[in-house]
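Residue numbers (our numbering): 265 to 376.
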């Protein structure tokens, strides 16, 4: 927490850019400090596709998870890709609670 605010990090495929923006707005109005992705590779940010940049962004996102009290997984239509799956496993290893956009489609992960 920072002051009275919980910190939440958004995780999910960057192809769901619109959902990231909507969730960020809702959670901010619910008094969370929201940490999100910096680039949307699957939504047109081509800088993501160099191997060095992708590796840096993956590592940076795990550091964002380190700062969070919770992660929020944007699993639209139940989709969880390999990078998001890695982030979920990382959060679990740190005992960081996980919430899903579509909990009924959570792909076998325990919902906190």
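Note that beta-carbon positions come from the ideal geometry of N, C-alpha and C, so glycine has one too. Model, not experiment: these values are computed from the prediction.
Measuring alpha carbon to alpha carbon, tell me which of the options ends up nearest residue i.
i           : options               : result
residue 290 : 329, 278, 274 and 301 : 274
residue 272 : 355, 369, 366 and 368 : 355
residue 380 : 330, 347 and 344      : Missing from the structure shown is residue 380; the chain here goes from 265 to 376 and no further.
residue 301 : 358, 363 and 320      : 320
residue 279 : 367, 357, 339 and 349 : 339
residue 341 : 277, 332 and 322      : 277
Indicate the three-state DSSP secondary structure (helix, strand or coil) for residue i in the structure shown.
i           : result
residue 365 : coil
residue 336 : strand
Contact defined as beta carbons within less than 8 Å: I believe residue i pairs with residue j. What is the distance between those atoms, to the nearest angstrom?
i           : j           : result
residue 304 : residue 281 : 5 Å
residue 351 : residue 335 : 7 Å
Less than 8 Å separating the beta-carbons of residue i and residue j?
i           : j           : result
residue 369 : residue 337 : no
(message) Ignoring anything shorter than 3 residues, give me the beta strand (DSSP E) runs that lie fully in the region 271 to 331, in order along the chain.
(response) 296 to 299
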